[in-house]
Structures are given as structure tokens and as C-alpha cells.
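A short write-up of the structure that comes next.
4 protein chains.
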Amino acid sequence: MTDLLWPGDERAGDLFTDAAILRAMVAVEQAWLSALVEAGIAPPEARASLTGLLTPSDADELPADAEAGGNPVIPLVALLRERLGSDSDASRWLHRGLTSQDVLDTALMLCLRDTVDRIQDELRAQAAALAGLTDRHRATVMSGRTLTQHAVPVPFGLKTATWLAGLLDAAEDLEAVGVRLPIQLGGAGGTLAGPAQLARLARAGAPERTALELTDQLAAALGLRPTPPWHTNRTPVTRAGDALVRCTDAYGRIANDVLTLSRPEIGELAEPTRSGRGGSSTMPQKVNPVLSVLLRRAALAAPGLGGQLHLAAAEARDERPDGAWHVEWSALRLLARRTAVAASQATELLAGLQVDADRMRATAEAAAPDLLAEARSLAELSGEPAAAPRDLGGYLGSTDLLVDAVLERAASYLKGAG
Amino acid sequence: MTDLLWPGDERAGDLFTDAAILRAMVAVEQAWLSALVEAGIAPPEARASLTGLLTPSDADELPADAEAGGNPVIPLVALLRERLGSDSDASRWLHRGLTSQDVLDTALMLCLRDTVDRIQDELRAQAAALAGLTDRHRATVMSGRTLTQHAVPVPFGLKTATWLAGLLDAAEDLEAVGVRLPIQLGGAGGTLAGPAQLARLARAGAPERTALELTDQLAAALGLRPTPPWHTNRTPVTRAGDALVRCTDAYGRIANDVLTLSRPEIGELAEPTRSGRGGSSTMPQKVNPVLSVLLRRAALAAPGLGGQLHLAAAEARDERPDGAWHVEWSALRLLARRTAVAASQATELLAGLQVDADRMRATAEAAAPDLLAEARSLAELSGEPAAAPRDLGGYLGSTDLLVDAVLERAASYLKGAG
Amino acid sequence: MTDLLWPGDERAGDLFTDAAILRAMVAVEQAWLSALVEAGIAPPEARASLTGLLTPSDADELPADAEAGGNPVIPLVALLRERLGSDSDASRWLHRGLTSQDVLDTALMLCLRDTVDRIQDELRAQAAALAGLTDRHRATVMSGRTLTQHAVPVPFGLKTATWLAGLLDAAEDLEAVGVRLPIQLGGAGGTLAGPAQLARLARAGAPERTALELTDQLAAALGLRPTPPWHTNRTPVTRAGDALVRCTDAYGRIANDVLTLSRPEIGELAEPTRSGRGGSSTMPQKVNPVLSVLLRRAALAAPGLGGQLHLAAAEARDERPDGAWHVEWSALRLLARRTAVAASQATELLAGLQVDADRMRATAEAAAPDLLAEARSLAELSGEPAAAPRDLGGYLGSTDLLVDAVLERAASYLKGAG
Amino acid sequence: MTDLLWPGDERAGDLFTDAAILRAMVAVEQAWLSALVEAGIAPPEARASLTGLLTPSDADELPADAEAGGNPVIPLVALLRERLGSDSDASRWLHRGLTSQDVLDTALMLCLRDTVDRIQDELRAQAAALAGLTDRHRATVMSGRTLTQHAVPVPFGLKTATWLAGLLDAAEDLEAVGVRLPIQLGGAGGTLAGPAQLARLARAGAPERTALELTDQLAAALGLRPTPPWHTNRTPVTRAGDALVRCTDAYGRIANDVLTLSRPEIGELAEPTRSGRGGSSTMPQKVNPVLSVLLRRAALAAPGLGGQLHLAAAEARDERPDGAWHVEWSALRLLARRTAVAASQATELLAGLQVDADRMRATAEAAAPDLLAEARSLAELSGEPAAAPRDLGGYLGSTDLLVDAVLERAASYLKGAG
């Protein structure tokens, strides 16, 4: 999978690729078939390994068959049955009791788990990098800017602490999403009637309960959380989407500062240099802040995708929806891959960010009269203008304590993640 | 505040009205002024009650003065100072150490708290109503519909259990938001330099720590959570937005079913009747499902507003942003009020929803051959077509257990909320 | 109407206020009643003036009655009938043949017309201001910046020409919208059955044709375009929305440049100064670029509103929709008012924009080696490094001709608008 | 290119595929190189055919190199130069005077032209199909439904006429976009300094004018419109986006009616049947309205993509933007391909739509008392209840004339498109 129009896309590797989703769908069918056999519902002869039944070219050809039924599960089941030998027991028992949505939703949750894991790795690296920058620059004075204009002095380490707090918020929400990723298992109408009927036909004692136990087994086999069917209650998807957007929100906010502060007229930050990075097709002198440009791109796109997932949730209808479900898949994939790309780029950016502390200080010194105007105004209030700080370092407020608090939170996150 | 173009708007009462926001801003200024006096930073003479300084007409006139500085805090402070007598101590100490964003962000959090409380009340009423419907209709068979077509039989109580699960998810997230609503207190650049400077001028022992303690006192006085400044880390806002949209997602999903099932050709549900409700300007026979229409409206609008808040978060920049902050206020207000309106309408809808169980059963019976096609297909698999259920009630799967699980969750929520 | 959370809102005056919409709805009812009388369908006794029947307080009270039927037309008609005397002929004939959507859609088109007119006035003023700047600065050299970094020299007048081109595009689309604003007249199901029936009852010769002629008369009376009913074909609304967003796109693009170039480290542009403008609640030195901040705010919000209108269009259903119509009204109003506010602010910004040509030149001179790197590279290609321009003015390409082309287009627009 | 998660994607063929975009970029480079040679700027030895230089595997490998410079043009130029022999004249002159954005923007316009052409073909087929349905069913009475409830009788042909009007609006806007698709040619800073410098080095008489003439030649060679640079004035992109969304708006509106009216309880419409279409993975009886489901999906997704393009336009900055440009490409591609897919599906749907006129009539007859309630109410007004229509056909208003008007418009469109 390559995407010429989303530079950096290959950083997401095989997360949510067609091939990865197919693999995940096969894993769901496999786990279900095995569960049926193990529960004594399907005969031992139905046991089969689905691994290796698909060839790489299937990922190219199968999508074209997905339109007829409106989703890719139907042609996948047909293909697997054909490969299993259509009169084999495995073929006959494959997918029995499931509905397409069970398989695709669960497969997407598996892909999402890989994505969450990947992004959490990046977040940890970013938190570590930012904690280092924050501690190192807790006394590096720069001009604090509000509404683009010089405001009061701030240590650069406070700025990075704020970036860090945004990342920790995102990590917290992503963690909560990751541990709650559910399987989807409801059968055609979300009643588990198919599984229960299969259990009844197999003379199970309490078929309704057996069907629920199959849910637990499937969840355990796939490492997901057992949960009632959520065919039309899309909270798992919107919560995941919200957490992913929270990541790109944090990256966008960082990128905006890097883009501003690496302007040549400001020159307080620079992106990590790497041969060939940031070049232009026509201007030999150019070193563009490409990582930040691409992060900003992701941050501008993600809110729309998150909103798309909410709209799909709000538009659910009946026992399974008539389009609202279908619009969700691609939005989730785009959001997941793009966030993973952004996470990787952000790690590289933060690990190698170049800070020009001298220039920060010089700019702030030159603007000192403005940056200390508030201080003078407060001193006048107390009738002691002499008490106004004369140097920028004397007007940094409680930043040391604020920085400590964020660093402590980061340390706790990094340890917990250990 | 009335809104001719958002029928039902008055259900939100004074949540987030201009007047309510002004009151909340005054409450923030009051709490801060008192904290300064109590900490011995401002002189006792600066103690003043701001309550009653504003008149109702201020809410009409003040907005026009908000443009010059780009926010409504600046003219409010000017007005309060004028009313306090511009050479009074209270006037001189008012707002000292704060920045506009501290006041407005905190005021919006206060308004948000009221909104969350209001919506939680509605959610509890809805959960109770839905728990009742769910239990009552756990055996009411209807046609389960997927992609608009007859699928398998489902009990109506399973449908309402799914609605209920969506509401409980939203309630859970809203609860998490409610208990974490933070104050905003950072001063001009998020450093607390102003408060620390004031403490220093007052000869406080550890002015940096005193400034932080003022944060705690302000938070305690206002009933919000103390937290580091979040001028450019907008997680509190996006989390609130996401939770509110999760509410309208759940309402939209319910409304879609009511709209579908109350079509005259289906006739399985009807909205509660009330004199004058649902009428037309020209067709005397009309009884339109107006509550559902208006809920659906809200659900179609909310995702865009939630996305707007994320975009604003992603576009933060510098120590305080150059437009991204300003675009957030109105989006948050619209989302909050509209969700409150929808919540109130949803309560009325669910409390009075009319269920035609006979028609549900009749339609399902007529469609029985279709609704049991899967059952027959599974029976054939086991070689025992005789084992296929002959009646719809025999193919309801594990719905009783699924319903129990959701009811238990609802009971726990309702008790916890006690 | 004031909006504390959208500073500058009062610039939109009474465009799309509740009162204005009520007036417009009354104007529609009036025109229709008169048309019925003039066509001999309603008796002469039904002639009545509706002007003055509403009092200012109605705008406060009527909205609360809009929920029952889901729109504000129903209570308005009830109120007008009551004020006309419920057994008067005028009361009996009022609104006959119309449906709520006819009245509200047409009223919104009337409000939209006022908005388009207002914004076109602003666009003309902006085009004139920008044409002046463009001509004046066609040789003012500055650093051209791409991806935030120095690229090649550009005249400031080329930048303003690009701004101008964006405004002319928006003006062109807005003009096209303005001349096509339609009435809505279809009756309950878009068939004109009501009007035709009334004509038939009045013994009109060709009642079906008479009904269509009434459409033409209503359109002529209101100054709108006659058109087939568009109850569920919302092109008039989405086209208007797209054109309005095109305006804020252009303003946002300008504001971004002003915000960047008025940073103190760059200092090439400054907003027009006005006493009290751009101040801070705590920092006495501050002069924030507030107009640009507020323009940027509008530009960040508008795309979501435009998308909302498209979603509403896509979600139309049946002969009149079940929520998609209802979500449109408020989005259209917000988009219209906010664009009008932005237009007014943009005029003020552009009319008073301060250009520091010396600083532009100084910065560009200092960056000359970078800005001429491409020139040198091209000269090397031809084997004549000596031919590389040594000064920035020698590397401005065809900007003079490009500027002429845009100025010509602006002149033609301004003349046409005469 | 396959997309497992957007069933039907293969209908878009190679529109906007990575390979197609690469081909288009090569075509731009080719046309520019040839123009340089023909203008005597580059030496005759620089003439070269770029066709065939790229191999199919390049489309897989090149994207990974796009990240370093932030766009795919830089690695493409490097690759072409390598293939041309790095010390060849063609290699040295390739891309000279252009900037990456010139090449990519122009290439995207070429892809857009193919998309517009494709969709226009579909729109013509749809218009023809709908004109046929409209004429055939101008007297087919059905229940008109508003807010989901029976309203007044309408002919099915009026419903299709409304669908048709939406398509004609979209076609009109798409036509306007298609004839205005511009080339992008501005060089590094939009000044044409590179081309002018090349002309000067080649001793061209009026190098600034020559550069502009090169624009005309490039436009002529590529079949696009010559225009001033629009690097930061994205009207061409947003206008295209708006027109594409207008298409999916129209398809969504149609799909909603088909989904509603093909519900088994209503049964007035059915999708065209085709073996295997609409099946379920578990329910043998199922025939789902898959085309409409997938159209609805597209309509729910498109407004967000259109809004994304506007946001990108509003976020332009400097002479070329720092992320806003980069976010545009993928949104445009997704919108273009998905609209093309939807267009193809809509043609199939409309060409084979099954209309059950008997059931329409039967349902309407059964609801006649309701459907004629307005008629009776109007008759009472005139004091002649006897004059109320007793049958549905007598209360169809001016639909015949309304239908004629739309059919005339369609005929004119189809003839013009000839």
C-alpha cells in the first residue's frame, strides 16, 4: 500500500492495509470455527486451519467482489469455502452463526489494537523526549507570545511542558480505548439467535447461555473484550476516533509552534536535519520544516474524520444500518493510519528538535520593555515601582512548579507504560 | 434568549446564555478578588461584592464592546471597575494577575458544569424510562430489520436495550467530563507570573508557591478542579465536546428508529401525543413525529460542532492562540445548548413512547418465512430441518440474557447517580 | 440580537435576526394574500395589511411556540389570524394554499438577499482598497515565503493581487447566487395542489396554470426568481452556502498573512490602529491584530457550516424531510451573519492596512543570497553565472503583467457593480 | 488500486490513482520541456520523450520518497533526470522554471478533467433514465409523505422530476468547473521569475511577456485554461469540490427515497436485481438495496471532504502554504473517486429502478381520507365542501406543468451535451 498523496504514509506500515484487514477477518473466522468445534457444536472434522488459504493476490481481487453484498465479508467467506473444498465440513461450518458485521467490526478492532499499540510506543518516545527538553529548558527564557505579539517572558521548558501535557492527555484516552476494544458478536439481528440455534441443534444444555459463552471464548481467543452486540451503538468506534483525533490535535499544536518559531525572522527552533530533508524542486537554498508541515496537514484533516465517525453513529438505524455503517470503515482506516504516520513523524521531530536558546534569549531581551510591561503595571499597583522585575528571569512566575507537575505526570506515565 | 430557528431552544433555559456567561465571569472575578484579599495580597479595603453590579441591560450592550480586544472580558472588567468607582481599591485590585482567557475559560467551564448536570438529570430519566420499556418488552417480538429489509425476529426490548446502552455510554463519558472540569488560571503567558508577582509584592514567603495555592483556592471557591494552565492545551474542551456529541449520537440513533417505525405503513411506534403537537400549517390530519424530527436535527448538527472544537484545539499556537481560541466559544455554547434541548426532548419522547406490540407481532408473523430463513438454513446444516424453529419466539437467541446485562448496568448507573 | 461569544456580531445588524426573519415571513404571507385577492381567488374582503400586526415582543415569545409543529410558521400564522380577528376574511384566507416550508424557505431567501447585498457592498470596498494597494506596491520588494521559509523575492503588490483575485472569485459566485435566489412555492407536497384547488373553487379557467402564475406573481412581488418547488432539492441553499464560505476562505487567507507579517519579528504589516483596539486585560503594551484574529476565527468556522448545508441537502427524503430541513436554518443564519461580520471587518482591515515597505525591503535585502539562489542556479544552467540577477528587483518575473491582469479584472468588477 | 473498505471503488477505474497522477505529472513536465525547446529557451538537444521512462513499479516505490520534500514532485524529477541520463541536456532542462506546486496542481487538474468527463457521462445517462421515468409516471399516483407521514397525493413522476432537477443543477455546476480547469504555472514564488529568467538568458525580446506566453502554450498543450498563478487562491479546487459534493447530495437524496420506499412494508420501489446482488452472509432470503446503501454512504462522506477543501483554502498562507496545500490532495482524490463511483452506481440504479405503480396507488387509496384532508379543508373555506376532490387524481395540482418544465430542461441539457 502506497499513497502518493499522503507523503509519509509508508510510516504506518501495514496497519489497516487491505491485506491486514483480510488477515484480521480470517483470524476472526478462524477463532469462531475453532470455538464451534471446541464447544462440540461443529464436528471435529470441521476443524481446519485457514492460515495460508489466502494468497497475496486475493487482496487485489477480492475488493471488486465486495460491492454485490455491500461489504467484503461475503466474498471472503465464499473464497475461503472454495479453498476449503466446498463440500468439506470446515467449509460448511465456516462463518455459521455470524453475520458480516460481526466479522468486519471485530477485524477492524484487531487492526485498531495494533494501531493503538504502535501509537502508544510513539507517545512514550515523545513523552521521554519532551520530558528531557522540558527539564533542560526550564530556565531558557524566551518571549511568550499571545495573539502573535510579545506578551510576557516564558521559559521554553514551559512551552514544551504544555505540549507534553497535551500528549499525556491523548495517551490517557488512547489507553482507555485500547483496554476496552470489544469483539462484535451478535449474529444477523444482534440476538445471537444463530449461535444459540447451533448450540440447541448440538443438544447443548442451555443454548442461550452457550451462545454467550462463545462470545467470551471468541473474545479471549482474539484478545478483545467480550461485550453485548454494538451493531448500532457505535461508541467503541467514536471513542477510538476521538482519542486518535486528540493525538493529532496535540501534534498540530506542536507543529504550529515549530512552524512559527522556525521562520527565519524568528529562528528559535529548527527541525532535525537529515540529508535531502526539506529540499525544494527549484530552490537550492531551501530547508523546509517538512515534518511540521506534514503534522499540520494531519491535524487539519483529522477533526473531519472524527466528525464523520460521530455522524455515522448518529445515523444508525434498525438492527443494522443502511449506509451509516458502511461510511465508517474508510474513515476509521484513514484516521488510524494518518495518526500513526503523524505519531512517527512527531517522534522524529521531537527527538531531534533544535533549540536556539541564545536567539530565544536575545529576542526576549530586545523585547524586554514590552515583556515586563505587566510586571511594571502590577508594581505600580502596590505603589512600589522599584519592585518591578528588571530582568526577564525575575518574571517567570510559578513555572518551575508547573514544570515539575507535568514532569511528574510524565514520569508516572512512562513508568506505568514500562 | 430565544432562537426562532432552533425550535425547542427554550428548553435549555439559561444555560450558556449571554447573561449566564456574564454571571459566570463575574463569579470568577469575585472569587479571585476574594482570594487575593484572603491571602493578604490585596488590602482588606479591596473586598467588594460584585453581585448586583451588572444590570440586565448590560447583557445587551456589553457584547458590542467585545470586538475591540477580541473578547468580552476586557469590557466587562472596565464596566465593573467603573461601577466599583474607578479609584476604589476594589476597582484597582479587580482582575489583577488574571488574563482574559483565565476568566472566560473558567466561566465557560462553570456554564458547562450546569449543562452537564442538567443533561445527567435527563439521562437518568431516560435510562429509567428505557429500562422500563426494555423489561416490559423483552418478549415483544418484532421484525428485526437490517439494511432496511426483514432479517430475523428480535424482541422490541432488545432494541430499547441497545438504545439504552448508547445512553449509558454517553452518561459515563459525561460523568468523567463533569468531575474533571478545570479552572483556568495562568495569567498573561500561562506562567502565573502576575499572581506570583503580586504575592512577592505582598511579601509572601514563597510567592511561586503562593500563586499555585491561589489556583487551588479559586478552584475550591468555584467548585472546579485545580489544574495547570491549559491556554493552548484544549483537552478539557474537546473531551466535553466529544461527550456531548456522544449524547446526540445516541439520541439520533433512537430518533431514526422512531421515525422509521412510526411511518404509517409500519406503525409499530408512535410519539407521545400532546395537544397541538405535530400539526401542520395546512394539513389538518397531520400528526408529525416532531420530537424525533428535532432530535434527528440535533444529531445531524452536533458532529460538525465537535469537529470544530478539535480543529480549534489543533490550531492552537504560541502562548495563547490567534483565532483558534476565539472560534471555540460559540461552538461550545451551541453544542451545549442544543444537547440540553435534545436531552429534554428525548426524555419526553421516551417517557411517552407508544408501542403497538400487536402490530409488531402481526408484521413479524406475516414475514415469518423470511425472518426464519436463517434458522432453516442452520437446521439444514445439522441435517435436521425439523429442528428449525417454527415460530418467531423460538428464534430469539440470547436476548433475555443480553437484556439482563444492560438492565443491570442501568440499575447500577441509576443507583450510583442516586 | 447580541452575541457575547462572537465579538463583532453587531456588525451584521439585523441580517437574519429573529425579528428580520419574522418580518420576512410576514412579507411572504402578505404577498400571497394579496396575490390571492388580486387573482380573484380570495374575496376583496380578505385584503388586509399584515404590517404592524406583530409587536416587538412577539419575536421574544413566538419561538417557544415553534416546537410543537417543528417550525416557526405555524405559530406565526396562528398569531396573525388572531390579530386579524379569527373570523375575518383575511384570517380565513391567510396562508391558504401554502405550506410552512414555502413561507420559511422564501423568508430565508429574502434574508439571504439582504445578506448578499450587504456583502457585495463590502466586497466592492475591499476590491477598491486592494486594487489601490496592489498598484501602489507593484514594485515594493519583499521576501516571498514558501513553507514558511525565504523563497524568492516578490512584490507586495503581487501578494495583494492574489488576495484580490480570491475576493473577485467570491464576488463572482455571490453575484450568481444573488440573481438566482428563488421563491419557494409548492404547497403541502410540492404539487401546488392547494393553490390549484383554490383557483378551481374560484372558477378560474385553467386552475393548474393559474397556480403557476401565482408563483410568478409572488416572485415578482418579492423580487425573487420564480422556480419549481425545491422542498427536497436544496441547491439554492448549498450554492449560497458555498459562495459565503468562498468569502471567508478569502478573508482567512488574507488574515493569515496579516497575522504572520505583523509579528514583531517580521513587522512588515500592521493592522489599522484605533483607540482601544487590540488591547489586553492585563498587558498595557499590547496591540493585538484583532481584526485578523476575528477574521481567522470566521474562516475556521465557515467550512463546517457549509458542509452542514450539504449534509442537510443529501439527507432530504420524501416530499419534505424529517429533520434535514430543520437543521439547515440555523446553519444558514450563522453562516450568513458571520460572513457579513467578517466582510465588514475585512473592509476595515484592508482600508487601513499599514505597510512597512522599508522593513519589507530590508528583510529581503538581508536574505538576498537565499532569495536569489534559484536565479543563480538557472544562470548556471545556461553557463552564464554572470547573468544571474544581483539585485532582488531583477528577479521579479512577470509580476507586473500578472498584477495588470488582476487589476483589470477588478476594474471591470467595480464598473459592473457600478 | 483496490479499496477493500469502499465497496464499488473499482468503478472509478484509474481516475486519480497513484499511477494516473504520476502519468499526469509526467505529462506536465513533458509539455513544459517541449515548450522550453519550442520557444528556443532550451536547446534542441534538450528535446526528449518522457513517455515510457517510468515503469509500473515506480508507482509503488516513488511515494516513499515523497516525504523528504513533502511532495511527490521532487522524487519524480530526480527519477526522470536519472532515467534521462543525469548529464543529458534533457535532464538539465527538465522542470526548469517550475516549482513542485506547478506540477502537482496541474496534474491534479488533469485528473479532475477526466473525472468531470466521466461523471458528466453518467449524469447524462441518469438524466435520460429519469426523464423517461418522469414522463412515464406523470400520472402514477402515490402518497406524498412529509416528515414521514401521509400528506397529499403526488405523482411518482413529480418525485423523479425533483430528483432530476437536483442532477441537472449538479451537472450545470460541474460543467462550469470543467470548462474552467486551469493550469498552475507560477514558479517558486508565483512570480514566473524562473521562466522569465530563462527567457532572458535565451535573449528573448520581452522575457516577462515570454514567460506569460509559455503559460498559454502549456495550457494549450494540456487542454487547460491559462490563468494567473493560484498557489494560495484555491478557488479552482473549492469550486470543483463544491460541484462534486452537489452530485453526491443529489444521489443521497435519491438513495434515501429508494431506501424508504423499498422497505417491505412500503414496497413501492425496488432496486434492479442482479444475480448475487444484495445477498447476506447468513440470511438466504435477503435482497438488500445495496446500491442505495452505498450511495447513501457516499453522500454522508462527501460534505466533510468538501469542507476539508474549503478549510485548506482558508488556511493558505505566505506565497505557498505550510500544510494547507498538502491536506488538499488526498481530500480531492477521495472526493473525486467516490463521486465517480457513486455516479456509476446511480446510473445503474436509475436505469433499472423497479416501480410498483399498483402498490403506490393501493397505498394512496387506502390513505385517501388523510391525503385529501387539505383539499376538504380548502373546500370548506370556499363554503363548497362538495367541491373537494373525491379522488386522488383530482388533487395533483400543477404537477403536469411542473414535470414539463423539468423535462424541457433535461432535454435541453441532453441536447447541449450531445
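Chains as they are written, first to last, in our numbering: chain U, 5 to 422; chain A, 5 to 422; chain R, 5 to 422; chain P, 5 to 422.
Glycine is no exception: its CB is placed at the ideal position from the N, C-alpha and C atoms.
Keep in mind that this is a model prediction, so the values were computed, not measured.
Sub-8 angstroms separation of Leu137 of chain A and Leu273 of chain A beta-carbons: no
Within-8 angstroms CB hit, Gly256 of chain U to chain A: yes
Test: His314 of chain P CB closer than 8 angstroms to a CB of chain R: yes
Ala35 of chain P, buried or exposed, once every other Cβ within 10 Å from all chains shown has been counted against 16: buried
Distance CB(Val249 of chain U)-CB(Pro307 of chain U) smaller than 8 angstroms: yes
Contacting positions in the stretch 376-403 of chain P - beta carbon closer than 7 angstroms to chain R: Glu378, Ala379, Leu382, Ala383, Leu385, Ser386, Glu388, Ala391, Tyr399, Leu400, Gly401, Ser402 and Thr403
Thr236 of chain A classed as buried or exposed, judged by whether at least 16 other C-beta atoms fall within 10 angstroms: buried
Separation of Asp69 of chain R from Asp8 of chain A, as counted between CA atoms: Note on residue identity: the sequence assigns Leu, not Asp, to residue 8 of chain A. Looking at the two C-alpha atoms, the distance is approximately 9 angstroms.
Where Ala68 of chain A meets chain R, residues with beta-carbon distance less than 8 angstroms: Thr6 and Glu14
Residue(s) in a DSSP beta bridge with Thr164 of chain U: In the DSSP output, where bridge partners are listed per residue, Thr164 of chain U has none listed.
Simplified DSSP assignment, three categories, for Ala318 of chain P: helix
Proximity test, Cβ basis, 8 angstroms: Leu40 of chain P and chain R: no
Residues of its chain near Leu205 of chain P, where Cβ-Cβ distance is below 6 angstroms and the 5 sequence neighbours each way are ignored: none
DSSP beta-bridge partners of Thr150 of chain A: U:Arg324 and A:Gln153
Contact residues within the stretch 275-296 of chain U, judged by C-beta distance below 9 angstroms to chain C: Of the protein chains in this structure, namely U, A, R and P, none is chain C.
contact_flag[the stretch 192-207 of chain R, the stretch 380-388 of chain P] where n(CB pairs < 8 angstroms) is 3 or more: yes
Alpha-carbon spacing of Ile25 of chain R relative to Cys115 of chain R, whole angstroms: 7 angstroms
8 angstroms Cβ cutoff, Leu411 of chain R in contact with chain P: no
Closest residue to Asn75 of chain U among U:Pro211, U:Ala328, U:Ala302 and U:Ala39 (Cα-Cα distance): U:Ala328
Contact belief for Thr166 of chain U with Gly194 of chain A at Cβ below 8 angstroms, rounded distance in angstroms: 7 angstroms
Below-8 angstroms beta-carbon distance, Val77 of chain P vs any chain R residue: no
Minimum C-alpha distance to Leu178 of chain P - residue among P:Pro79, P:Arg243 and P:Trp10: P:Arg243
Leu102 of chain P in three-state terms, based on DSSP: coil
The stretch 363-378 of chain R in contact with the stretch 125-137 of chain R per 3-pair CB rule at 8 angstroms: no
Reduced DSSP secondary structure (H/G/I, E/B, other) of Gln188 of chain P: coil
Option in P:Leu304, P:Ala192, P:Ser95 and P:Gly256 with minimal Cα separation from Trp234 of chain P: P:Ala192
CA-to-CA distance, Pro79 of chain A to Arg87 of chain A, given in whole angstroms: 12 angstroms
Cross-chain neighbours of Thr195 of chain P in chain R, by beta carbon under 9 angstroms: Gly148, Val156, Pro157, Val158, Pro159, Leu162, Tyr399, Leu400, Gly401, Ser402, Thr403 and Leu406
Same chain only: Cβ atoms within 6 angstroms of Asn292 of chain R, ignoring 5 sequence neighbours per side: Gly282
Distance between Ser416 of chain U and Gly422 of chain U (C-alpha atoms, nearest Å): Model confidence at Gly422 of chain U stands at a pLDDT of 47, short of 50, so the residue's coordinates are unreliable; what they give is reported in the following sentence. For Gly422 of chain U and Ser416 of chain U, the distance between alpha carbons rounds to 10 angstroms.
Contact set between Arg363 of chain R and chain U, taken where Cβ atoms lie within less than 7 angstroms: Those do not exist, as Arg363 of chain R stays about 10 angstroms from chain U at its closest Cβ, beyond 7 angstroms.
Stretch pair the stretch 346-366 of chain R + the stretch 258-278 of chain R: three plus CB contacts closer than 8 angstroms: yes
Within 8 angstroms, strictly: CB atoms of Leu304 of chain P and Ala318 of chain R: yes
Exposure of Pro389 of chain A, with buried meaning 16 or more beta-carbon neighbours within 10 Å: exposed
First through last residue of the alpha helix (DSSP H) which encompasses Ala391 of chain R: Counting along the chain, Ala391 of chain R falls outside any alpha helix (DSSP H), and DSSP gives it neither H nor E.
Which listed residue (U:Thr239, U:Glu176, U:Pro157 and U:Arg149) has its alpha carbon closest to that of Ile187 of chain U: U:Thr239
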